[in-house]
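Asks:
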Amino acid sequence: MPPNTQDTDLLDIDDILSEEEILLRDSVRGFVEDKILPNIASWYEAGRFELDLVKDLANLGIFGMTLDGYGGGGARARAYGIALRELEAGDSGLRSFVSVQSSLTMNGIYMFGSEEQKNEWLPKMASGDALGCFGLTEPDAGSNPAAMKTNAVQKGGDWEINGVKTWITNGSISDVALVWAQTEETNSTGGIRGFLVPTDSKGFSATDISEKASMRASITSEISLNGVLVPDEFRLPEATGLKAALSCLSEARFGICFGAVGAARSCLETAIDYSQTREVFAKPLAALALTQDKLVNMATLYSNAGLVAMHLAALKESGKATPAHISYGKRNNVAAAREIAREARSVLGANGISLAYPPIRHMANLESVYTYEGTHEIHTLVLGQKLTGHSAF
Amino acid sequence: MKIAVCVKQIPDPAEEGSLDDATKTLKREGKLILDDSDAYGVEMALQLADSAGGEVVLVSMAPNGETNGLRTALAMGAESAILVSDPALQGTDALGTAKVLAAALKTASPDLILTATESTDGYTGTVPEQIAELLEWPSVTFAKSITIDGDKVKVERQTEVGYDEVECPTPCVVSVTAGVVEPRYPSFKGIMAAKSKPLEEKTIADLGIDASQIGWEGARQEIVDVAEVPAREAGEVITDEGDAHEKIVDFLKEMKVV
Ligand SMILES: Cc1cc2nc3c(=O)[nH]c(=O)nc-3n(C[C@H](O)[C@H](O)[C@H](O)COP(=O)(O)OP(=O)(O)OC[C@H]3O[C@@H](n4cnc5c(N)ncnc54)[C@H](O)[C@@H]3O)c2cc1C
Ligand SMILES: Cc1cc2nc3c(=O)[nH]c(=O)nc-3n(C[C@H](O)[C@H](O)[C@H](O)COP(=O)(O)OP(=O)(O)OC[C@H]3O[C@@H](n4cnc5c(N)ncnc54)[C@H](O)[C@@H]3O)c2cc1C
């Protein structure tokens, strides 16, 4: 089937895309429509991430798409954003998988790794032959990662790592975990360092978090590190301090700005389609003013979020994107998508709570997206500080 | 091994098409896309070139210098493309199309030509055999699998009850059944690489084709009339009173399905 190009975007934002970006959009959209949409409801219900998708995603060239060399694609920011947007129209879990593999872990290695580390990991991660995860959050340190307790102590030439990381996407299916830990290194940037921990290391274990009501088609794990020994060559040499971890997050947040727009499109399209065929009081739902008000509000939030994503891409491509810009995009676009998902769900009435239609799934997923990669509130504080100069953290 | 794939670029079937009142033919003014039917041929060719070595060249005839569908197929991995586009081609029927494609294919000197069994928009299902006849090459239809064995191809040819195993010397024309392989999704790298792949545009003069053979003048087919597809009749609802299965079986018998 050719991809669905139904027009929900009142501003025709994609008209600014290049011919190549449109081909990429259609390719990823076609993949999502053929391979994801027919199956996602049952995967979601079963709480399952389909590992067969890894090769498909690698074949599309999405892992490390923006990296130069090491198996990367040398793509510009906007093209990568478009790919993530289309993936998240399938499911936020699919986009999360890519964000963790590509934006957080591969990018972390690319930005802060040694030449040996890059050569060792990046090509096989680009081809999907190795998977990675990113371990920052802990049971007692989420919004404030500086309070992390996981620590790494030097023992001869090795580091001994102890601690617990939780809510780690892809934790139990990864070959390598990028683990952030406190060390006794003291310099102006603080003692937090990043370590590439092979998941078959002695003392490393990962247990999946069950009973999730959101992001069910994605694996989320708790990782425990019990006296794990890694040589100094596994430490990311250029990652000094928490700001290294935060700059990986910036990359992933940029992707979420686009991804959220994809989830929103799926919800909006479903609501429009449904309202055309559903009759109430002898009229199509779509012909009622209250429904049109909902649809127009959703479409406005949707196109505005799309514009924000495109503008952020332009800033990023010209090297001008700041963390505050990214906070604006993550905060605005995820909130918009969350709002759209709820409204779309209401348009579908009782069918809106069925996994046979995408909105309830996106709605539940977007609760995770609202919280991870910097909670909505934390981004509010970042922007509040930007406007006033006062830190309200 | 040089494999040429005929790819038709067609109006997006997802969008409502319309007919030209005067000529009763499909309007093709908007952007055209790669016919899904031909994506199978492209995939088959890429797999053959991967396993037997060789290259894949695309050949298409389309109005207004359209290259969009060709770009998609180049992004999938084909090496180069030939497009025949010429205002004089307007009105060309299936035989005329086959003449143009055969002439363009000759310039590529392929060892094997793949096509779909029928296009999604015109679906006369006649072009492949006409090309073979014009080139005086053998042709095999409805392939579900192809293997290359020296200077012949072995084809599993789909039939109503199973498949025939057919051998055919190359060069030859093979039409590929839809759905027999899974066309790859163009990758980001493939899309970027496609930008710099050779895409040669030819006119009928370049191919030495006499204008009287093509266009409205050369067409031997004429569309005399078109009619709306009759609306689908409401189905029959069978309420199960213990005998619904029998009624369904009777119905299927009546339809001669069982
Ligand atoms: C599905 C999923 C996948 C995840 N994947 C990963 C992963 O791969 N790697 C990883 O490291 N982490 C991951 N996380 C963890 C995520 O990043 C954290 O949950 C997030 O940072 C919030 O931390 P917390 O849950 O501890 O909430 P807390 O920090 O305890 O926050 C609780 C509430 O308090 C608010 N709050 C906190 N501080 C303030 C303040 N100063 N002022 C006002 N309000 C405040 C928060 O906004 C929030 O509403 C994932 C989470 C989920 C749900
Ligand atoms: C009187 C008449 C006037 C027409 N006028 C026009 C016109 O003005 N403009 C116009 O575009 N069409 C016109 N057509 C339609 C067009 O010529 C046919 O679609 C074309 O001849 C191919 O027929 P088909 O699609 O039925 O091919 P089929 O035999 O069903 O196609 C089988 C396979 O052959 C290959 N193939 C077929 N056509 C092409 C192609 N063009 N390029 C590459 N590979 C191909 C593909 O692999 C295809 O899947 C006209 C047809 C008629 C009868």
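Line order of the protein sequences matches chains A and B. Just add 18 to wherever you are in the first sequence, counting from 1, and you've got the numbering used here. Just add 173 to wherever you are in the second sequence, counting from 1, and you've got the numbering used here. Even glycine gets a Cβ: it sits at the ideal position worked out from N, Cα and C.
(1) Measuring CA to CA, which of B:K175, B:D322, B:A235, B:K204 is closest to I377 (chain B)?
(2) Work out the CA separation of V178 (chain B) and A281 (chain B) for me, nearest whole Å.
(3) Cβ-heavy atom distance between C266 (chain A) and ligand 1 below 7 Å?
(4) Please report the Cβ distance between G209 (chain A) and E203 (chain A), rounded to the nearest whole angstrom; I am assuming they are in contact, meaning their Cβ atoms lie under 8 Å.
(5) Consider the Cβ of E361 (chain A): report whether some Cβ of chain B lies at a distance smaller than 8 Å.
(6) Can you tell me the Cβ-Cβ gap for A339 (chain A) and L325 (chain A), rounded? I've got them flagged as a contact below 8 Å.
(7) Kindly list the residues whose CB is nearer than 7 Å to the CB of P21 (chain A), restricted to its own chain and excluding five residues on each side of it in sequence; keep chain order.
(8) On a CA-only basis, which of A:L264, A:A235, A:A64, A:L319 is nearest A354 (chain A)? Give me that one, please.
(9) For R253 (chain A), which beta-bridge partners are listed by DSSP?
(10) What is the residue span of the alpha helix (DSSP H) that S114 (chain A) lies within?
(11) When you compare the stretch 69-88 of chain A with the stretch 134-149 of chain A, are there three or more beta-carbon pairs, one atom per stretch, that lie closer than 8 Å?
(12) Please decide whether S83 (chain A) counts as near chain B, where near means a Cβ-Cβ distance under 8 Å.
(13) Buried or exposed, going by whether 16 or more other CB atoms sit within 10 Å of the CB of R330 (chain B)?
(14) Is E133 (chain A) helix, strand or coil when you go by DSSP?
(15) Can you list, in chain order, the residues of its chain with a C-beta nearer than 8 Å to that of V118 (chain A)? Leave out the 5 residues immediately preceding and following it.
(16) Can V197 (chain A) and T168 (chain A) be called in contact, C-beta distance under 8 Å?
(17) P359 (chain B) CB to nearest chain A CB: under 8 Å?
(18) Does any residue of chain B have a CB that is nearer than 8 Å to the CB of N22 (chain A)?
(19) Just confirm the distance between the C-beta atoms of A503 (chain B) and L372 (chain B), as a whole number of angstroms; I'd bet it's less than 8 Å.
(20) By alpha-carbon positions, which one of A:V215, A:S228, A:S265 ends up nearest to N244 (chain A)?
(21) Pull the bridge partners of D176 (chain A) from the DSSP assignment, please.
(22) Look up D318 (chain A) in the DSSP assignment and say whether it is helix, strand or coil.
(23) Could you give the DSSP three-state label for E333 (chain B): helix, strand or coil?
(24) List the endpoints of the continuous alpha helix (DSSP H) containing V46 (chain A).
(25) Count the other CB atoms within 10 Å of the CB of M19 (chain A); is the residue buried (16 or more) or exposed (fewer)?
(26) Have a look at the DSSP bridge pairing and note the partners of P342 (chain B).
(27) Find out if the Cβ-Cβ distance for the pair V229 (chain B), K375 (chain B) is shorter than 8 Å.
(28) Restricting to Cα atoms, I'd like to know which of A:G402, A:S190, A:A159, A:A257 is closest to H343 (chain A).
Replies: The answer reads as follows:
(1) Residue 377 (chain B) sits at position 204 when you count from the first residue of the second sequence. Nearest C-alpha to I377 (chain B) among B:K175, B:D322, B:A235, B:K204: B:A235.
(2) As a working note, residue 281 (chain B) is residue 108 in the second sequence. As a working note, residue 178 (chain B) is residue 5 in the second sequence. A281 (chain B) and V178 (chain B) have their C-alpha atoms some 11 Å from each other.
(3) The residue you call residue 266 (chain A) lines up with position 248 of the first sequence. It does not: the Cβ of C266 (chain A) is nowhere closer than 7 Å to a heavy atom of ligand 1.
(4) Along the first sequence, read from residue 1 onward, the residue named residue 209 (chain A) stands at position 191. Along the first sequence, read from residue 1 onward, the residue named residue 203 (chain A) stands at position 185. Confirmed, about 5 Å.
(5) Mapped onto the first sequence, residue 361 (chain A) falls at position 343. So, not an interface residue.
(6) The residue given as residue 339 (chain A) occupies position 321 in the first sequence. The residue given as residue 325 (chain A) occupies position 307 in the first sequence. At roughly 15 Å, the Cβ-Cβ gap does not stay under 8 Å, so A339 (chain A) and L325 (chain A) are not in contact.
(7) The count along the first sequence starts at 1 and reaches residue 21 (chain A) at position 3. Because the pLDDT of P21 (chain A) is 44, which lies under 50, any placement of that residue in the model is unreliable, and the question is left without a value.
(8) Within the first sequence, residue 354 (chain A) is the residue found at index 336, counting from 1. Comparing Cα positions, the closest option is A:L319.
(9) In the first sequence, the residue the question calls residue 253 (chain A) occupies position 235. A:F213.
(10) Residue mapping note: residue 114 (chain A) aligns to position 96 of the first sequence, counting from 1. Where S114 (chain A) is concerned, the enclosing alpha helix (DSSP H) stretches over 110-116.
(11) Between the stretch 69-88 of chain A and the stretch 134-149 of chain A, the count of C-beta pairs closer than 8 Å reaches three or more; the two stretches touch.
(12) Indexing the first sequence from 1 puts residue 83 (chain A) at position 65. A small fix is needed here, since residue 83 (chain A) is Met in this sequence, not Ser. Cβ-Cβ to chain B under 8 Å: yes for M83 (chain A).
(13) Taking the second sequence and counting its residues from 1, the one referred to as residue 330 (chain B) is at position 157. Result: buried.
(14) As a working mapping, residue 133 (chain A) is identified with position 115 in the first sequence. Helix, per DSSP.
(15) The residue given as residue 118 (chain A) occupies position 100 in the first sequence. The residues are G150, C151, F152, T187, N188, A270.
(16) Translated into positions along the first sequence, residue 197 (chain A) becomes position 179. Translated into positions along the first sequence, residue 168 (chain A) becomes position 150. With respect to T168 (chain A), V197 (chain A) sits close: the two C-beta atoms are nearer than 8 Å.
(17) On the second sequence, position 186 is the one that residue 359 (chain B) refers to. Yes, P359 (chain B) counts as interfacial toward chain A.
(18) Along the first sequence, read from residue 1 onward, the residue named residue 22 (chain A) stands at position 4. Note that N22 (chain A) has pLDDT 47, beneath the 50 cutoff, so the model's placement of it is unreliable and the number below is only indicative. Chain B contact via Cβ: present.
(19) There is simply no residue 503 (chain B) to check, as chain B begins at 174 and stops at 431 in what is shown.
(20) The residue labelled residue 244 (chain A) in the question sits at position 226 within the first sequence. Nearest in C-alpha terms to N244 (chain A), of all of A:V215, A:S228, A:S265, is A:V215.
(21) Here the question's residue 176 (chain A) lines up with position 158 in the first sequence. Note: D176 (chain A) sits in a beta bridge opposite A:K173, A:P249.
(22) Translated into the one-based positions of the first sequence, residue 318 (chain A) becomes position 300. The sequence given here has Thr at residue 318 (chain A), not Asp. Looking at T318 (chain A) - three-state DSSP - the assignment turns out to be helix.
(23) Position 160 of the second sequence holds residue 333 (chain B). Looking at E333 (chain B) - three-state DSSP - the assignment turns out to be coil, as it is neither helix nor strand.
(24) Here residue 46 (chain A) refers to the residue found at position 28 of the first sequence. Element bounds for V46 (chain A): 37-49.
(25) Mapped onto the first sequence, residue 19 (chain A) falls at position 1. Note that M19 (chain A) scores 37 on pLDDT, short of 50, meaning its location in the model is unreliable; the coordinates nonetheless yield the value given after this. By the neighbour-count criterion, in which a residue is buried when 16 or more other Cβ atoms sit within 10 angstroms of its Cβ, M19 (chain A) is exposed.
(26) For the purposes of this step, residue 342 (chain B) is taken as residue 169 along the second sequence, with counting starting at 1. Answer is B:K325.
(27) Within the second sequence, the letter at position 56 stands for residue 229 (chain B). Within the second sequence, the letter at position 202 stands for residue 375 (chain B). Result no, Cβ atoms of V229 (chain B) and K375 (chain B) do not sit closer than 8 Å.
(28) Start at 1 with the first residue of the first sequence, and residue 343 (chain A) comes out as number 325. Selected option, being the one with the closest Cα: A:G402.
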